[in-house]
Amino acid sequence: MRIMTSRNDFTQEEWKLICHAPLSIGSAVASASPSGLGDTIKESMSIVNSMRQAAERHPESQLIQEIMPKGLGREQLETWTTTARSILQPNEAARSRTQSIEECRQVANVLQSKGTPQEAQSFKLWLLEVGRDVANAATERGNTSAISNEEAQVLQDVANALGVPDR
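My numbering numbers the first residue of the sequence shown as 129 and each following residue consecutively.
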């Protein structure tokens with residue numbers, strides 16, 4: 129009987145998808161609503177920090193700990209750099225959101241087929257936490273709360289794609 133889901137349970141392509149998902153979600157949230165350059169940079173920089181902080185809240189998940197052992201791997205850093213640059217591009221929000229939602233659906237399917245129900249749920253909630261932490265990184269112009277309506281909608285779409293409640 130398998131006790132913990134680990135990297136070895138996934139193909140190389142599946143693992144790449146799983147590792148990219150939190151970066152993709154963070155990018156979709158950070159680019160969701162118009163904000164000043166400073167807030168956009170603050171949110172894009174918060175993606176990695178949010179991943180680490182959310183991972184600390186899930187020490188029981190071997191899968192999460194393998195993604196965030198002591199920081200990002202080289203491939204994740206390259207992806208984050210590309211992501212951070214793309215957030216500043218015009219019309220990035222729609223593309224980023226569409227890509228992120230599709231990746232969330234794929235991750236949910238992979239986890240359902242290869243992970244235990246508890247680990248799959250924990251991982252999906254971690255992904256949502258990363259998105260929520262990024263949304264809370266900066267207060268958008270004209271909003272009294274840190275999470276804008278556009279970011280809230282992205283988080284709801286992410287939760288729906290993952291099959292978890294957006295609490």
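Just so it is clear, CB atoms sit at the ideal spot from N, CA and C, and this is done for glycine as well.
In this text, all values refer to a predicted model and were calculated from it rather than measured experimentally.
Check for me: the alpha helix (DSSP H) holding residue i runs from which residue to which?
i             : result
aspartate 285 : 277–290
serine 152    : 140–158
glycine 243   : First-last for glycine 243: undefined, no H or E at that position.
glutamate 188 : Segment: none, glutamate 188 is in no alpha helix (DSSP H) and carries neither H nor E.
With a cut-off of 8 Å on the beta carbons, I'd call residue i and residue j a contact; round off their distance for me.
i              : j              : result
isoleucine 175 : valine 292     : The Cβ separation is near 20 Å, so there is no contact.
alanine 156    : serine 224     : 5 Å
leucine 145    : valine 238     : 7 Å
leucine 255    : isoleucine 153 : 6 Å
threonine 139  : glycine 243    : With 8 Å as the limit, threonine 139 and glycine 243 do not qualify as a contact, their Cβ atoms being about 14 Å apart.
cysteine 232   : valine 286     : 5 Å
Under 8 Å, do residue i and residue j count as touching if we go by C-beta distance?
i                 : j              : result
methionine 196    : alanine 183    : yes
phenylalanine 251 : serine 161     : no
alanine 280       : asparagine 264 : no
arginine 135      : glutamate 194  : yes
valine 235        : alanine 149    : yes
Check whether chain D comes within 8 Å of residue i, counting only Cβ atoms and requiring the distance to be less than that.
i          : result
serine 155 : Of the chains in the structure shown, none is chain D; there is only one protein chain.
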